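Enquirer: Residue numbers (our numbering): 109 to 495.
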Amino acid sequence: MIASSPSSSSFVSSALFNPIQIGTHTLEHRIVLCPLNRRRCNEQYAPTDSMVKYYQQRTTPGGLVIGEATMVSATAGAYPFAPGIYTEHQIAQWHKVTDAIHGKKGIVFLQIRHAVRASTTQFLPPGAKLVSASTIPVPGHNELGNDFEIPHALTKQEINDIVNDFVQAAKNAIAAGFDGVEIHGANGKSYLLDQFLNSSSNIRTDVYGGSIENRARFTLQVVKAVTGAIGVERTAIRFSPWSEFLGMEDEKPYETWSYLVNQLEQDYPSMAYIHFIEPRDDFSRKTKNDTQNSLNPFRKLWSGPFISAGGYTTKPDLAFEVASKTGNLIAFGRSFIANPDLVERLKHDWPLNPYNRATFYKGGDEGYINYPFYNSATTAEVDVTKA
Ligand SMILES: Cc1cc2nc3c(=O)[nH]c(=O)nc-3n(C[C@H](O)[C@H](O)[C@H](O)COP(=O)(O)O)c2cc1C
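See the structure below:
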């Protein structure tokens with residue numbers, strides 16, 4: 109890390125290294141592995157041995173690992189080599205990952221998602237449709253280079269079916285050894301719940317559209333069903349009020365997400381955690397790198413553990429500052445990709461490896477499990493903020 113502050117001696121004593129309780133688990137520090145889809149699964153959308161190694165490398169005793177976005181059903185919008193949690197094979201392969209993490213005394217949640225209008229029907233089972241809140245396609249081109257398809261607007265019955273898919277996925281995650289699940293309510297490009305939340309992608313006129321209460325209804329239905337199935341302390345959720353990724357935008361982000369957090373605080377105060385992406389997040393280089401807005405209003409509404417993510421890769425010192433000011437857990441994405449021993453590096457103020465964007469989704473072990481661990485004899489100081 110190119111660290112300017114705080115001073116080296118204050119790193120270990122930073123709030124980042126204070127224990128915290130999430131659900132029934134005591135974490136030994138507050139550095140979290142972000143959910144990071146890397147498309148390293150086999151053709152059955154199940155984790156591989158390389159994935160076991162990747163997660164094991166990034167596990168620390170008492171550290172929280174969030175498993176990458178994982179499809180709740182075969183019709184949830186497949187991406188090649190991205191994981192699912194709806195077959196026996198997938199559950200068995202995920203169990204190898206959770207065993208490896210537990211073997212190092214880590215805690216692991218799985219992010220469960222329904223990916224939709226940004227997929228293509230080519231990646232779905234025969235007869236399955238791309239779905240969303242409304243018939244509004246993502247602007248631009250999909251990964252096959254074609255215009256995004258116009259999604260089918262879900263009926264109420266189809267919404268109920270998807271709630272049941274989330275429940276089954278959560279149960280399957282517990283069967284696979286996960287300590288809990290993180291419901292994916294963020295990054296609306298790929299994720300259905302966020303497409304219902306944002307006014308730009310939801311123009312429904314039924315009880316799932318229009319008012320904030322209506323747009324939040326599906327998300328809260330999923331929370332209710334999942335907490336009922338696996339327990340409130342094993343359930344968490346991720347949000348991104350300012351994600352404008354592929355056409356997402358909300359007219360009144362403070363009001364919309366305050367309503368959600370108020371509902372969660374009122375009905376599910378012992379949820380394991382809530383996880384927010386910072387407005388300054390710029391991981392895709394398509395977002396606006398907002399420095400005007402803040403998560404503080406949401407922090408004030410939630411009394412449980414709060415994870416802040418986004419932008420700590422380019423400004424690692426901010427992690428120390430935000431943890432000290434807020435007591436939040438801090439999730440790292442790209443720098444955890446490039447630094448399997450990120451926790452140790454932050455603790456000792458050791459330099460960070462730069463990440464290689466070209467290998468994020470490339471497949472294979474390069475740029476996946478071959479990033480070097482810190483070695484004082486061979487590591488040159490590199491500026492991660494320029495990668
Ligand atoms: C390769 C890659 C894959 C990602 N996959 C997911 C995902 O599966 N689920 C999710 O919510 N966010 C995903 N994200 C976003 C990250 O979780 C995180 O919010 C983002 O990288 C910002 O953190 P950073 O600035 O530390 O990289 C992904 C980001 C990258 C770079």
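Where a beta carbon is used, it is the ideal one built from N, C-alpha and C, also for glycine.
Keep in mind it's a predicted model, so treat the numbers as computed, not measured.
1) Should N295 go down as buried or exposed, given a rule of 16 or more other Cβ atoms within 10 Å for buried?
2) Taking the alpha-carbon of Y469 as reference, which of A190, P234, P155 has the nearest alpha-carbon?
3) If contacts are defined as beta-carbon pairs under 8 Å, then A466 and A123 qualify, I think. What distance do you get, rounded to the angstrom?
4) Below 8 Å on the Cβ atoms is my contact criterion, and I expect V205 with V224 to pass it. Report the Cβ-Cβ distance as a whole number of Å.
5) Can you list the beta strand (DSSP E) stretches of 3 or more residues lying completely in the segment 279-309, in chain order?
6) Quick check on S159: does DSSP put it in helix, strand or coil?
7) Does the count of Cβ pairs from the segment 138-145 and the segment 432-449 closer than 8 Å reach three?
8) Between the Cα of V451 and those of E321, A236, F481, spot the shortest distance and give me the residue it belongs to.
9) May I ask you to check if the CB of A226 is nearer than 8 Å to at least one heavy atom of ligand 1?
10) With G418 and D389 assumed to form a contact (beta carbons below 8 Å), what rounded beta-carbon distance in angstroms separates them?
11) Give the range of the beta strand (DSSP E) segment to which I320 is assigned.
12) Count the other C-beta atoms from every protein chain shown that fall within 10 angstroms of the C-beta of T395, then say buried if there are 16 or more, exposed otherwise.
13) With DSSP as the reference, label P480 as helix, strand or coil.
14) Taking C-alpha atoms, which residue in V246, W410, I130 lies nearest to N310?
15) Thinking C-alpha only, which one of R148, P169, G171 is nearest V160?
16) What residues in its chain sit with their C-beta under 8 Å from that of I267, if we drop five residues either side in the sequence?
17) On the three-state DSSP scale, how would you describe F468?
18) Just grab the DSSP bridge partners of L135 for me.
19) Using only alpha-carbon positions, find the residue among N464, G170, P424, F406 that is nearest to D287.
20) May I ask you to check if the CB of I139 is nearer than 8 Å to at least one heavy atom of ligand 1?
21) Is the CB-CB distance between Q164 and Q198 below 9 Å?
22) For a quick check, are the C-beta atoms of I220 and L172 less than 9 Å apart?
23) Using the C-alpha atoms, what's the distance from L262 back to Y463?
24) Near S366, what residues of its chain come up, given a Cβ to Cβ distance below 8 Å and the 5 sequence neighbours on each side ignored?
25) Tell me the residue span of the beta strand (DSSP E) that contains V216.
26) Determine the contact status of G131 and S378, defining contact as a CB-CB distance below 9 Å.
Expert: Looking at the atomic coordinates:
1) Sequence index remark: in the sequence shown, residue 295 carries index 187 (1-based). Counting Cβ neighbours within 10 Å, N295 comes out buried, since at least 16 surround it.
2) Position 361 of the sequence shown, counted from the first residue, corresponds to residue 469. The candidate whose alpha carbon is nearest that of Y469 is A190.
3) Within the sequence shown, numbered from 1, the residue matching residue 466 stands at position 358. Within the sequence shown, numbered from 1, the residue matching residue 123 stands at position 15. Actually they are not in contact, since the Cβ atoms of A466 and A123 sit about 35 Å apart, beyond 8 Å.
4) Locating residue 205 in the sequence shown gives position 97, where the first residue counts as 1. Locating residue 224 in the sequence shown gives position 116, where the first residue counts as 1. Contact doesn't hold; Cβ gap of about 25 Å is too wide.
5) 288-293
6) Here the question's residue 159 lines up with position 51 in the sequence shown. A quick correction: the sequence has Met, not Ser, at residue 159. M159: helix per DSSP, three-state reduction.
7) yes
8) As a working mapping, residue 451 is identified with position 343 in the sequence shown. Nearest of E321, A236, F481 to V451, Cα basis: F481.
9) Against the sequence shown, residue 226 aligns to sequence position 118. Checking the Cβ of A226 against ligand 1 gives no.
10) The residue you call residue 418 lines up with position 310 of the sequence shown. The residue you call residue 389 lines up with position 281 of the sequence shown. Their Cβ separation, rounded to whole angstroms, is 3 Å, which keeps G418 and D389 in contact under 8 Å.
11) Here residue 320 is taken as the residue at index 212 of the sequence shown, counted from 1. Unbroken run through I320 is the alpha helix (DSSP H), 320-338; no beta strand (DSSP E).
12) Indexing the sequence shown from 1 puts residue 395 at position 287. With a pLDDT of only 48 at T395, under 50, the local geometry of the prediction cannot be trusted, and the value read off the model is given with reservation. T395 comes out buried.
13) Taking the first residue of the sequence shown as position 1, residue 480 is located at position 372. DSSP places P480 in coil when its eight states are reduced to three.
14) Along the sequence shown, read from residue 1 onward, the residue named residue 310 stands at position 202. If we check each option's Cα against that of N310, V246 comes out closest.
15) To locate residue 160, count along the sequence shown from 1; it is residue 52. Residue R148 is the option with its Cα nearest to V160.
16) To locate residue 267, count along the sequence shown from 1; it is residue 159. Closer than 8 Å at Cβ, skipping near neighbours: Y316, F326, Q329.
17) Your numbering for residue 468 matches position 360 in the sequence shown. Reduced to three states, the DSSP call for F468 is coil.
18) Translated into positions along the sequence shown, residue 135 becomes position 27. L135 pairs with I128.
19) As a working mapping, residue 287 is identified with position 179 in the sequence shown. The shortest Cα separation from D287 among N464, G170, P424, F406 belongs to G170.
20) If you number the sequence shown from 1, residue 139 lands on position 31. No, since every heavy atom of ligand 1 falls outside the 8 Å radius drawn around the Cβ of I139.
21) Here residue 164 refers to the residue found at position 56 when the sequence shown is read from its first residue. Here residue 198 refers to the residue found at position 90 when the sequence shown is read from its first residue. Not closer than 9 Å, so no.
22) Taking the sequence shown and counting its residues from 1, one reaches residue 220 at position 112. Taking the sequence shown and counting its residues from 1, one reaches residue 172 at position 64. Contact flag unset, no.
23) As a first step, residue 463 must be located in the sequence shown, where it is residue number 355. As a first step, residue 262 must be located in the sequence shown, where it is residue number 154. The straight-line gap from Cα to Cα measures roughly 39 Å.
24) As a first step, residue 366 is located in the sequence shown; it is residue number 258 there, counting from the start. Same-chain partners within the cutoff: P405, F406, L409.
25) Numbered from 1 along the sequence shown, position 108 holds the residue referred to as residue 216. Unbroken beta strand (DSSP E) run through V216: 215-221.
26) Numbered from 1 along the sequence shown, position 23 holds the residue referred to as residue 131. Numbered from 1 along the sequence shown, position 270 holds the residue referred to as residue 378. Yes, Cβ-Cβ distance for G131 and S378 is below 9 Å.
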